[in-house]
Amino acid sequence: MNRQILRTTILLCMTTWVTEAEDLLIEDFESDTYAPWTVTGDAFGPGPAIGTLKNQMAVSGYRGMRLVNTFYGGDASTGTAISPPLTIERSHIAFLVGGGQHSETLGMHLIVDGETVRTATGSESEELLWSSWDVSDLKGRTARLQIVDNATGSWGHLCVDHIIQTDSPPAPFDLERQLATYREQPGYMDEPLRPRFHFSPEINWMNDPNGLVFHDGEYHLFHQYNPAGNSWGHMSWGHAVSRDLVHWKHLPLAIPEADGVMAFSGSCVVDHHNTSGFGEGTRPPMVAIYTGHGHGRQVQNLAYSNDNGRTWTKYSKNPVLDLEKPDFRDPKVFWHEPTERWIMVVSLAADKVLVFYGSDNLKSWKELSRFGPAGVTNKPNWECPDLFELSVDNEPEKKLWVLEVDMGGGSVAGGSGGEYFVGTFDGTRFRTIQHSQWVDYGRDFYAPVSWDNVPESDGRRIWIGWFNNWETCLIPTSPWRSCMSLPRSLSLRGLAFNQEEPPTYVLMQRPVDELRQLRETSRSLNTANVAWPPVTVTEPGELRDLSFEIEATLKPGTARSVGFRIRTAHDEFTEVAWDRTVSGVYVDRSRSGNVDFHSAFRGRHTAPARLIDGQVSVHVIVDRSSIEVFVNDGEAVISDRIFPTGQTPVVEAFAGNMTAGIPQATLHQLRSIWKRPPRQ
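Per the working numbering, residue 4 is the first one in the sequence shown, and the count goes up by one each step.
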C-alpha cells in the first residue's frame with residue numbers, strides 16, 4: 004500500500020470515529036439504590052422501581068429491570084433527585100420518559116451554572132418513549148440532571164430511564180414506516196388471537212370509539228389511538244371507514260396529538276346547513292368536536308373536514324369551551340330539529356355530572372341544564388355520554404330518549420362499564436322516568452357511541468363499543484391491543500314483569516343484519532336431549548377457527564342448568580348456560596385459556612334472563628378472542644374477551660343434574676373480514 008493511500012485510510016477511519024463516537028451512559032438505574040444521585044422526599048422510594056408500582060397502570064418501554072418511578076405512595080407523594088456533575092461531551096442527551104405532563108411542577112431538567120437550560124415531561128402515558136435535548140451549544144460545560152416531582156394531582160408522577168449522551172439521538176416513532184413494515188408480514192391481520200370479524204387496529208393501542216358518523220355512503224369509525232405504542236398514551240383519533248358496517252378500511256391518523264395536547268374522545272357531525280361556516284361550496288363540512296387534554300386541563304375543541312374525513316383542519320380559535328377544569332370531557336353533539344340548534348352533552352367526570360349546552364354554530368355554546376349525580380352510587384367517575392331518541396315497541400309515535408354514560412369502575416361485572424337512563428328530553432333538559440340499568444352484563448363493553456346522520460330511510464340507531472375493560476386492559480396481544488364490539492342495532496321495549504307495576508323500558512341490542520353475509524356454512528346441531536357429562540355436538544375438525552355463531556333455544560325443564568361449552572383444549576373451555584339458581588344466563592371464562600395475565604380476569608358474568616314459555620333464547624357469537632351473548636332477542640347482553648391457547652375448537656352441550664332440552668340450535672361458521680391492503 005503506498006503512503007498516500009495509507010494516509011487517506013487513516014483519515015477516513017479517524018473521521019468515522021469522530022462522527023460516530025460511542026454513546027456515553029449517564030445512568031441506567033439498574034442498582035437497588037440511587038447512589039451517587041441525591042434524593043429527597045418520598046416519591047422516589049428506597050431505590051429505582053422494578054417496573055409497575057402498586058395501584059399504577061402498567062408501565063412499559065423502560066430498559067432492563069429498573070427505572071425511576073415517582074409513583075411510590077401514589078400521585079400525592081413528592082420529591083427530587085439530582086445527579087452528580089457531568090461533562091457534556093456529545094451533541095445530544097437522550098432518555099426514556101413517561102408519566103405526567105405538569106411542566107411547572109414535574110419534569111427532568113438539565114442545570115448548567117445553577118440555571119435550568121432544558122426540561123422535559125411525560126405525556127400522561129405509562130409507556131416510556133425516547134426524548135432528547137440538543138446540547139451541542141453546551142459541549143464542554145459541566146451540568147447536572149434533576150428529576151422533580153412536586154405534582155400531587157392526577158398524573159402527578161414521572162418515569163425516567165436510560166439516560167445517555169449521544170451524537171445520534173433516537174428517531175421518533177414513525178407510524179407510517181411501522182405500518183408499511185407490518186403490511187408486508189405474512190401474518191398480516193391473522194395473528195392467533197386477532198379477531199376475524201371485529202374491528203381492530205393494524206398495530207398499537209386503541210380504546211374508545213369516537214365521532215361515529217355516516218356521510219357520503221360511508222360509516223366513519225374514529226377511535227382513541229396511540230400512534231407510538233401498544234399501551235395507552237399519546238391519544239389521537241384513529242380512523243376507519245366501512246360501507247356495510249362489516250368490512251373496514253384503515254385510514255391515516257385523523258386528529259393527532261400536538262403541542263402536548265392529546266385528542267381525547269368526542270363526536271362528529273355533518274353540518275348540512277354550514278352553520279359553522281367551515282364548508283366550501285355546496286358540500287357540507289364534517290365537524291369533529293373533541294376534548295383537548297393537556298397542561299392540566301380538559302377543553303372542547305373543533306376540527307373540520309371538506310373531503311369526507313380524509314384530511315382535517317383544527318379550528319384556529321380553539322378551545323370553544325373551557326371551564327378550566329381537569330376532568331371536563333367527551334362531548335356528544337347532535338342536531339335537535341325541534342329547537343333548531345346543536346346540543347352537546349359533556350361530562351364533568353369527577354363530579355359525576357353531565358352538562359347540556361346549546362349552540363347555533365358549533366362555536367359558541369350556552370349552558371342549558373345539568374343531570375346527575377344519578378344511577379350507580381359507587382362509581383369513581385362518569386364519562387363518554389351518548390343521548391338519542393328511540394321508538395318504543397316499534398310504534399313510531401311513541402318515543403323516549405336514552406342517555407348512556409360510562410364509569411371507570413364499579414360496574415355490574417367489576418371494573419369499567421356503562422349504565423343507561425330512559426326518559427324525556429325537550430331540547431333543554433333530560434328527565435329520567437326510571438332507575439338506570441346496565442348496558443352490558445359482561446366485563447368488556449365500554450364507551451359505546453351511536454352513529455350520527457344515518458339516513459332516515461334506514462331508520463336504525465346503531466352503536467359500537469370498546470371491547471375491553473380498563474381494569475384488565477393490557478390484554479396479551481401484539482402488535483395490536485383491543486378491538487371493537489360488533490355493531491348493534493338498538494330499540495326500546497316495554498316489559499311488564501308484573502301486572503301491578505308499569506312497564507320497564509329496556510334497551511334492546513342486536514347484532515346488525517349485515518353480519519349475516521359472513522356466514523359460510525350453516526347447519527343444525529343435534530341437541531334435542533342433553534344431560535351430564537357434556538357431549539360434543541360438532542364434528543371433529545369441523546370448526547377450523549374460533550369464528551362462529553350459535554343461535555339456540557334453551558329449555559331447562561327441571562334441570563339446574565343447560566347450555567354450551569366452547570372447548571379449545573382438553574382442560575380449556577368457555578361456558579355459556581342458563582342457571583336456575585340465579586335465573587339468568589352466564590358466561591364463565593375461568594378456564595377459557597390465558598386467564599393469569601391479570602388477577603381480576605377470571606370470572607363468571609351473569610345477565611338476568613326470564614323464561615318465556617319455559618324457554619330462553621341465546622345468540623352466541625364467538626371470535627378468536629371474544630364472546631358476545633345476546634339473550635332473549637337482545638333484552639340483555641354479555642360481552643367478554645377470552646384468550647384461548649388451544650387450537651382445536653369444538654362445541655359441547657350439557658345439562659346439570661337432570662336431562663334438559665335444546666330444541667333448536669343452529670351453527671354458522673363465519674369468514675374473516677380482513678384482506679391485505681394494496682401497496683401504495
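Note that the Cβ used here is the ideal one computed from N, Cα and C, for glycine as well.
Item, Value
"Touch check for the stretch 430 to 441 and the stretch 376 to 394: three-plus C-beta pairs under 8 Å?", "yes"
"Do you know whose CA, among T342, L510, A353, lies nearest D429's CA?", "T342"
"Determine whether the Cβ of S171 lies closer than 9 Å to any Cβ atom of chain D.", "As a matter of chain content, chain D is missing from the structure shown, which is built from one protein chain."
"Shortest alpha-carbon distance to F657 belongs to which of A610, T577, R674, L614?", "T577"
"Three or more C-beta pairs closer than 8 Å, one from the stretch 409 to 422 and one from the stretch 462 to 479: is that the case here?", "yes"
"Rounding to the nearest angstrom, what Cα-Cα distance links V457 and E194 in this structure?", "33 Å"
"Between the stretch 535 to 555 and the stretch 660 to 676, do three or more beta carbon pairs fall short of 8 Å?", "yes"
"Are the CB atoms of R147 and P212 within a distance shorter than 9 Å?", "no"
"If you measure between the beta carbons of W686 and W469, is that distance less than 9 Å?", "No answer is possible for residue 686: it lies beyond the span of the chain, which begins at 4 and ends at 683."
"Can you give the beta carbon distance from A3 to L518, rounded, assuming they're within the 8 Å contact cut?", "Because the chain in this structure spans residues 4 to 683, residue 3 falls outside the shown range and cannot be described."
"Grab me the residues of P173's own chain with a C-beta within less than 8 Å of its C-beta, minus the 5 sequence neighbours each way, in chain order.", "A97, W133, S135"
"Around the Cβ of I53, are there at least 16 other Cβ atoms within 10 angstroms (buried) or fewer (exposed)?", "exposed"
"Could you pull the DSSP bridge partners for E130 from this structure?", "S63"
"Please report the straight-line C-alpha distance between V625 and T41, rounded to a whole angstrom.", "55 Å"
"Measure the Cβ-Cβ separation of S593 and R605 and say whether it is below 9 Å.", "yes"
"Nearest to A688 by CA position, among Q188, P543, R484, is which residue?", "Look at the range of the chain in this structure, 4 to 683, and you will see that residue 688 is not part of it."
"Contact defined as beta carbons within less than 8 Å: I believe I346 pairs with V336. What is the distance between those atoms, to the nearest angstrom?", "7 Å"
"Specify the secondary structure class of G413 as computed by DSSP and reduced to three states.", "coil"
"Measure the CB-CB distance between V62 and G103 and report whether it falls below 9 Å.", "no"
"Give the secondary structure of Q104 by DSSP, where H, G and I count as helix, E and B as strand, and everything else as coil.", "coil"
"Less than 9 Å separating the beta-carbons of F202 and W251?", "yes"
"Helix, strand or coil for Y191? Go by DSSP, reduced to three states.", "coil"
"Measure from the alpha carbon of V244 to the alpha carbon of each residue in V358, A257, N233, then state which is nearest.", "A257"
"Taking the alpha-carbon positions, what's the N229 to P482 distance?", "12 Å"
"In the DSSP assignment, the beta strand (DSSP E) including Y589 goes from what residue to what residue?", "587 to 591"
"Have a look at L495 and S629 and give me their C-alpha separation to the nearest angstrom.", "26 Å"
"Figure out for me which residue from P514, A46, V264, D274 has the closest Cα to the Cα of N304.", "V264"
"Excluding the 5 residues preceding and the 5 following T427 in the sequence, name in chain order all residues of the same chain whose CB lies nearer than 8 Å to its CB.", "L403, W404, F433, R434, I436"
"Check whether the Cβ atoms of D431 and G361 lie closer than 9 Å to each other.", "First, the amino acid is wrong: residue 431 is Thr here, not Asp. Yes; because the gap between Cβ atoms is below 9 Å, this pair is in contact."
"By the three-class DSSP mapping on this structure, what secondary structure does W208 have?", "strand"
"Among D616, A562, M60, D461, which has the Cα closest to the Cα of S234?", "M60"
"Just checking my contact of H237 with E260 at CB under 8 Å: how many whole Å lie between their CB atoms?", "5 Å"
"Please state if the CB of L56 and the CB of F32 are separated by a distance shorter than 9 Å.", "no"
"Check W581 in the structure and name its three-state DSSP category.", "strand"
"In chain order, what residues of the same chain lie with their CB nearer than 8 Å to the CB of T22, ignoring the 5 residues before and after it?", "Because the pLDDT of T22 is 47, which lies under 50, any placement of that residue in the model is unreliable, and the number read from its coordinates should be weighed accordingly. D170."
"To the nearest angstrom, report how far apart D140 and F74 are at their CA atoms.", "34 Å"
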